[in-house]
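Numbering (the working numbering), first residue to last: 18 to 350.
Everything on this sheet refers to the single structure shown next.
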């Protein structure tokens, strides 16, 4: 057999050594030039891809705080020129440039949660070398699966300007990637749980548009069809939760309240707080937000009782996750 060519030597640019007592962040920064040089010399080597993701993600304690109704965080969005450049490089099939750009952007502050970059990098290594690139792509997919096992609702969040962490194309790729890692790794875009909502993204978008046009019956018909299509108790729960979130976003607090109170009763019998705490947190956050909005409306009966319920929900959230309680507290100020 023909000998396998050796990988080119890595030429590391000279950098100043970090001083004694340097912080972990300083050490990570000092390591960045080595990874960049390694990537230039041997783009599809899985090792530098694995190290880069370990440095960026292993210390993450959890997802960033987000508005429970919209999924919007306070993370500043990626630079517009970076998004445009990546899209153009991908469209023109310049795979080496795409890998360098996506991995470079991954090292920027916004890149930590910008999941589109992972799709770009995995696509690039496979296109550059279908043989060795397969192992490199599997490293990226495995790192994403491990991240989403810890933070399953991450793809459903967005930057401070509303730009999603993951486009629909990236979400589909993530679902395939996590499925390929084994049956214990589950990716759900709207929250945790073993089964996703049966509402498609296009249906949710259509329902939102109909609500905006005051065509309530048609919007509710779309949501109801999704609920009826759910094939299991868990999938039905997730679909009703998504429907409640759509109603709340459309300022249809009455419909949202009906769904959320039903979910709250189901949650007690299913003991969600034990086996799906992130789903329980989402239900409690949305219910607190819904009650708070209704309590501000002078047309609502028993407003004081609703305010008391909000306080109970906040206390319950605090027991489950202090960060989730803090998000609600900030939103209600």
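Cβ atoms here follow ideal geometry from the backbone N, Cα and C, with glycine treated the same way.
The way I'd put it, the segment 310 to 319 doesn't touch the segment 335 to 347; fewer than three beta-carbon pairs between them come closer than 8 angstroms.
Per DSSP, the unbroken alpha helix (DSSP H) holding residue 312 starts and ends at 294 to 313. Within the segment 221 to 282, no beta strand (DSSP E) run of at least 3 residues lies entirely inside it. At the C-beta level, residue 274 and residue 311 come within 8 angstroms of one another.
Per the coordinates, the alpha-carbon of residue 276 lies some 50 angstroms from the alpha-carbon of residue 53. Taking a contact as a CB-CB distance under 8 angstroms, the pair residue 300 and residue 258 counts as one, their CB atoms being some 6 angstroms apart.
Exposed is the label assigned to residue 319, since fewer than 16 other Cβ atoms lie within 10 Å of its Cβ. Here residue 174 is near residue 182, since their CB atoms are less than 8 angstroms apart. Here the alpha carbon of residue 67 sits roughly 39 angstroms from the alpha carbon of residue 243. Using a Cβ distance threshold of 8 angstroms, residue 306 and residue 263 do not count as a contacting pair. Comparing C-alpha distances from residue 233 to each of 169, 160, 260 shows the shortest one belongs to 260. The shortest CA-to-CA distance from residue 238 to any of 280, 116, 221 is the one to 221.
Within the same chain, Cβ atoms closer than 7 angstroms to the Cβ of residue 253 are found at 244, 247, the five residues on either side in sequence being excluded. The continuous alpha helix (DSSP H) containing residue 339 extends over residues 339 to 348.
A Cβ-Cβ separation of about 4 angstroms places residue 158 in contact with residue 194 under the 8 angstroms criterion. The alpha carbon of residue 98 has as its nearest neighbour, out of 79, 325, 122, the alpha carbon of 122.
The alpha-carbon separation between residue 102 and residue 186 amounts to approximately 18 angstroms.
Taking C-beta atoms under 8 angstroms as the contact rule, residue 168 and residue 79 qualify, at a distance of about 6 angstroms.
For residue 181, the beta-bridge partners assigned by DSSP are 175. With distances taken between CA atoms, residue 308 lies nearest to 269 out of 269, 77, 134, 164.
If you draw a straight line from the Cα of residue 51 to the Cα of residue 267, it is about 49 angstroms long.
Put simply, the backbone Cα of residue 153 is about 23 angstroms away from that of residue 77.
Between residue 56 and residue 117, the C-beta gap is smaller than 8 angstroms, which places the two residues in contact.
Under the three-state reduction of DSSP, residue 86 is assigned to coil, being neither helix nor strand.
One Cα belongs to residue 283, the other to residue 108, and the distance between them is close to 46 angstroms. Exposure of residue 126 is indicated by the presence of fewer than 16 other C-beta atoms within 10 angstroms of its C-beta. Here residue 168 carries a coil assignment [DSSP, helix/strand/coil]. Nearest neighbour of residue 151 by Cα position, chosen from 105, 62, 285, 227, turns out to be 62. For residue 114, the three-state secondary structure derived from DSSP is helix. Each residue's CA atom was taken as its position, placing residue 90 and residue 217 some 23 angstroms apart. Residue burial is scored here from C-beta neighbours: residue 321 has fewer than 16 other C-beta atoms within 10 angstroms and is therefore classed as exposed.
Spatial neighbours of residue 224 in its own chain (CB-CB distance under 7 angstroms, excluding positions within 5 residues in sequence) are listed in chain order as 236, 239, 240, 263.
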